[in-house]
Amino acid sequence: RQTMTLAEMAEIRRYHRTSDILAAMVGLTPIHADENTFVFDGPRKVVVDFEHDQDCCESVGVYDVCGDFADLIGVPLLQAEESDNIDEPEDYVPRDSYTWTFYRFASIKGSVVVRWLGESNGYYSESVDAKVRSMLTWP
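Next comes the structure, spelled out in structure tokens:
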């Protein structure tokens, strides 16, 4: 299967698998990075947003961040990966279902791990999605 660039993904307004988006980020140089957003320079700025589309009765959000996003700015990304597990958090109100989602980003200057926690009754999605869009300018 043909691999698309991040810029090509941004121009085609359809769903892209998070793993494909992360793979396309490797080797690119961010001009902005935080727990929810990466921005890459070009004729049009390419923006990757990490978010959860709220449905009803679930809670999904960034739990913590380990590392400094400044270590990812201005140098190519060497790593952009996702993993997850379903371990129950310590000191949490009992829920029926938990999903931890980890995003690991690294450059030659350092690394960042963003840990998301999703909780629900087991019926609603606890996933995090990566979405790609393009902009003419970045604030």
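In this note's numbering, the protein residues as written are 998 to 1136. Ideal placement from N, C-alpha and C gives every residue a C-beta, glycine not left out. For clarity, every value in this text was computed on a predicted model and none was experimentally measured.
Check	Outcome
Roughly how many angstroms lie between the CA atoms of residue 1028 and residue 1044, to the nearest whole one?	10 Å
For the stretch 1011 to 1057, which segments carrying the beta strand (DSSP E) assignment without a break, of at least 3 residues, lie completely within its bounds, in sequence order?	1027 to 1030, 1034 to 1037, 1042 to 1048
Report the rounded CA-to-CA distance for residue 1036 versus residue 1121, giving the unit in angstroms.	30 Å
Only counting the same chain, and skipping five residues up and downstream in sequence, which positions put a Cβ closer than 8 Å to that of residue 1119?	1093, 1094
With DSSP collapsed to three states, give me the class of residue 1132.	strand
Helix, strand or coil for residue 1116 per DSSP?	strand
Using the Cβ count rule (16 or more neighbours within 10 Å means buried), how would you classify residue 1067?	exposed
Give the secondary structure of residue 1087 by DSSP, where H, G and I count as helix, E and B as strand, and everything else as coil.	coil
In the structure shown, what three-state DSSP assignment does residue 1081 receive?	strand
Tell me which same chain residues have a C-beta within less than 7 Å of the C-beta of residue 1156, skipping the five on either side of it?	In the structure as shown, the chain begins at 998 and stops at 1136. Residue 1156 is therefore absent and cannot be evaluated.
If residue 1009 and residue 1127 are in contact, beta carbons under 8 Å, what's the gap, nearest whole angstrom?	Incorrect: roughly 15 Å between the Cβ atoms, too far for contact.
Could you say which of 1099, 1079, 1039 lies nearest to residue 1005 if we only look at CA atoms?	1039
What number of angstroms, rounded off, separates the C-alpha of residue 1059 from the C-alpha of residue 1032?	7 Å
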